[in-house]
Amino acid sequence: MELDYPNMIASIPLFARAAWTTLWIAASGILLAGAVGLAGAFCLYLELPYLARPIKAYIEISRNTPLLVQLFLLHFGLKVDALPCAVMALAFLGGGYMAEAFRAGLEAVERSQVESALSLGLSHYETVRHVVLPQALISAVPAIGANVIFLLKETSVVSVVAVTDIVAVAKDLISLYYETAEALVMLVIAYLILLTPVCLAVWRLERKVKYAVFGR
Amino acid sequence: MSEILAVRNLRKSFGPHVVLDGIDFSVDEGKVLTIIGASGCGKSTLLRTINGLEAFDGGEIVFDGERLGPGTDWRRVRSHIGMVFQSYDLFNHLKVIDNITLAPIKVQNKRKEEAEEIAMNLLRRIRLDDKRNAYPRELSGGQKQRVAIARALAMQPRIMLFDEITASLDPEMSQEVLEALLELAATKMTMIVVTHEMGFAKAIGDDLLFMDDGKVVERGAPRDFFAAPRTQRARRFLSRFEYQI
Amino acid sequence: MPFSGAEILFDPANLARLGEGLIVTVRIAAISIVFAFLFGMVIGVIALSRSGFVQIPYQLFLQAIRIVPQIVWLFLFFFGFARLLGWNWSGETTGIVVFSIWGAAEMADLVRASISSLPAHQTQSALALGLARSQIYLHVLIPQAVRRLIPASINLATRIIKTTPLLVLITIVEVLKVGQQLIEAKILTNPAAAFWIYGLIFVIYFLICFPIAVLSRRLEAKWSAQ
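Chains as they are written, first to last, in our numbering: chain A, 4 to 219; chain B, 27 to 271; chain C, 19 to 244.
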């Protein structure tokens, strides 16, 4: 099988621009998801009245429905524009996963750590800020890292709401110009370039955390 | 000698279960009070009510002339009451030195250098100054517990509460922790020591409470208590230890 | 506003068509899950070997499957291998093949992890009791591994189900595609059709995945408490 290399090289700018869109959506979606997740997990941890039920319901709904259907509902059903829709859907889906990661991290900090901080005279705020949060974040690192990779991969479906991401470019090349093999090779290369550094960074961070602070 | 802590008719229940059933005692400055009793007799709960980790239902606690209760600024009171727990509970994410300086810096607003100087003096006293940059996971159980004591002492408390601090240590490590306590007692630190080590209770205390079922059953000098317990319950409690050995 | 027009959901003909689409979705998911579990168990047991001849291809397979998004795998098989290599696969076959391979890779890793993470002293104390190797596997290791494996593999099943909407992109007429067709037919008379149809599909997916997720969590809690 012979690949049309000049055409592949010619398509690089298209893929580069699309990769930028993918990254931009992923980065803002993941950051928002992190914020939503941390806030949700925190409300659950502090056992705030009235909020626990809706937050738990949100976590279940976001984790038990497909991103593609969330996108369709937001874009075609609620008429949200393509780009904000992609970011919102990713944040909605990711928020549930991130909340679970942070909640598990917070629960991993033993109650007695809180008591000994309080008994030293630290206020509740200082206890959370200096004792609970740092430890919770450290033990949540592996789960958060897995979520980041998962969400970055999930970003690959946003072309269904007419966002020009890498997949959309590949689809166009296939259906308009019949450059099927070339487009698919470029698609795989584009995802390897996007995902490999992120995976390596997450693995390194995980290993660092594993050998660092924990263990009694 | 002036009285620093007085507990009068203290009562507390968890649901239908009465844990503290009218406790009375007081501690004078510079003295060591030891509390013994079977597990579940309420001695840990008693310690925890003194620094507000547990609320109480009735009676009063007077610390340094101030009645403690629902309206108390626990943050300020706790900074004068040091407490050490059975499970050490060093902050896992902080180095030894930062474990000790956290509260002086955040609560007493001490400068970092000043707090570290206090911390290093304490670490030298417990002979762990070479571990200043170690993380808790690198220490043995006994070392962790000595750092936990130093951490509480760094706040320069008026009184120290020790809750079964050797209960999760093997005998050799208990020994090094108990020696640290004896040294502390020699500096005239006021202390309440809840313990299950009878030999230690005999050696360290000026005064001893024997608790059973939420009540103070006997109070007196440790030597007298162990030589001639006055009540049936105390005799039964002590005989259990003989069986164990 | 899109909040009137719910009558599209009360038309039995529409519901029947959605039902047919749902059957396609469930069929593909179910067949893929069965294949994924079967192949995954075999590959996972093989992957227990520490030999480089096993570990290197196994890790390459696993990481390749994981690093490339499922949608890209679907495209590779549907547009790439099928057309370029002359395989005349239907969309449904492609979907089943891709989900089975992906699921098998994930399942294999769950199987490998659930067995290899059993503490060594379990084997040692069984040996000390005089049990034979085969007895140790049968009575000690496998029952414990299965308890770790079942909740995780149920969880994997929900992940496969949640990936099925991607099939709409390779021309399969599953529940989402039927939804699209219904909406297109009503686009002029009922502008809110998309909200109601996609809303219903959203709810359907939740009603399928949520109970399975709860089951997985219950089993995990029950068995980790013991």
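Built from N, CA and C at the ideal position, the CB exists for glycine as well.
Source: prediction; values computed, not measured.
Hey, could you find the ends of the alpha helix (DSSP H) residue i is sitting in?
i	result
V191/C	Looking at the DSSP string, V191/C is not in any alpha helix (DSSP H), and its letter there is neither H nor E.
F97/C	Unbroken run through F97/C: none, as it is neither H nor E.
L149/B	138-151
I178/C	160-181
How is the beta strand (DSSP E) around residue i delimited, first residue to last?
i	result
L187/B	185-189
E86/B	84-89
T216/B	216-220
E92/B	92-94
T207/C	From DSSP, T207/C is part of no beta strand (DSSP E); its letter is neither H nor E.
E29/B	29-40
V243/B	241-246
G97/B	Taken as a continuous stretch (DSSP letters only), G97/B belongs to no beta strand (DSSP E), as it is neither H nor E.
S69/C	First-last for S69/C: undefined, no H or E at that position.
V110/B	107-110
L46/B	43-54
F236/B	233-238
T213/B	Where T213/B is concerned, there is no enclosing beta strand (DSSP E), given that its DSSP letter is neither H nor E.
At the level of alpha carbons, what is the spacing between residue i and residue j?
i	j	result
Y76/C	R68/C	11 Å
V90/A	I89/C	19 Å
A144/C	I178/C	37 Å
A184/A	L92/C	14 Å
R219/A	V166/A	Low per-residue confidence applies at R219/A: pLDDT is 36, beneath 50, and the placement is therefore not dependable enough to give any value.
R4/B	F117/B	Only positions 27 to 271 of chain B appear in this structure, which leaves residue 4/B out of reach.
K211/A	E205/B	37 Å
L174/C	I114/C	15 Å
D232/B	V58/B	5 Å
I271/B	L208/B	With a pLDDT of 48 at I271/B, under the threshold of 50, the modelled position of that residue is not reliable, and no figure is offered here.
M19/C	P183/C	Because M19/C sits at a pLDDT of 46, beneath the cut-off of 50, its placement in the model cannot be relied upon, and the following sentence gives the value as read from the coordinates. Using only the alpha carbons, I get a separation of about 27 Å.
E139/B	F111/B	27 Å
V63/C	N150/A	27 Å
P16/A	W23/A	11 Å
L77/A	I85/C	28 Å
P162/B	E244/B	39 Å
G246/B	F236/B	9 Å
E25/C	F75/A	20 Å
E238/C	E209/A	24 Å
A34/C	A104/A	40 Å
A122/C	L86/A	34 Å
F53/C	L78/C	21 Å
N10/A	I196/A	20 Å
H43/B	G63/B	18 Å
P87/C	R20/A	19 Å
W100/B	F117/C	59 Å
G78/B	Q182/B	19 Å
E190/B	T221/B	5 Å
F51/B	L165/B	37 Å
Measure how close the beta-carbons of residue i and residue j come, nearest whole angstrom, since I'm counting them as under 8 Å.
i	j	result
V221/C	L36/C	The Cβ separation is near 12 Å, so there is no contact.
Y216/C	G197/C	6 Å
E223/B	S200/B	7 Å
V134/A	A111/A	Not confirmed; about 13 Å, so no contact.
T60/B	V219/B	5 Å
R158/B	V203/B	That pair is no contact at about 19 Å.
A210/C	S22/C	6 Å
I107/B	P130/B	About 15 Å separates the two Cβ atoms, so there is no contact after all.
M146/B	D155/B	6 Å
Give the interface partners of residue i over in chain B, defined as CB-CB distance under 8 Å, in chain order.
i	result
S65/A	Those within 8 Å of S65/A in chain B number zero; the least Cβ separation is about 30 Å.
S115/A	F111, S113, D115
For residue i, return the contacting residues in chain A, with the cut-off set at a CB-CB distance below 7 Å.
i	result
S87/C	Checking the displayed sequence, the identity of residue 87/C turns out to be Pro instead of Ser. Near P87/C (Cβ distances below 7 Å), the residues of chain A are K156, S159, Y194.
H119/B	P137, Q138, I141, V216
V90/C	S159, L190, V191, Y194
Starting from the beta carbon of residue i, find every residue of chain A whose beta carbon is closer than 9 Å, and list them in chain order.
i	result
V133/B	L123, G124, L125, S126, E129
A231/C	E63, R66, N67
Closer than 9 Å by beta-carbon distance: list the chain B residues that pair up with residue i, in chain order.
i	result
E118/A	R74, L79, M109, F111, D115
Given that residue i touches chain C, what residues does it touch there, using C-beta distances under 9 Å?
i	result
I177/A	F93, F97
Residues of chain B with a CB under 7 Å from the CB of residue i: which are they?
i	result
H133/A	L128, K132
List the residues of chain C that residue i touches, going by C-beta distances under 8 Å, in chain order.
i	result
C202/A	I85
Please list the partners that residue i has in chain A, where partner means a Cβ-to-Cβ separation under 8 Å.
i	result
M181/B	L123, G124
According to a CB-to-CB cut-off of less than 8 Å, which residues of the segment 31-43 of chain A neighbour chain B? none
If you measure beta-carbon to beta-carbon, which residues of the segment 89-105 of chain B are closer than 9 Å to chain A? W100, R101, R102, V103, R104, S105
Closer than 7 Å between beta carbons: that is the criterion. Which residues of the segment 211-227 of chain C meet it against chain A? A212, F213, Y216, G217, I219, F220, Y223, F224, C227
Return the residues of the segment 211-234 of chain B that lie within a Cβ-Cβ distance of less than 7 Å from chain A, sorted by chain order. none
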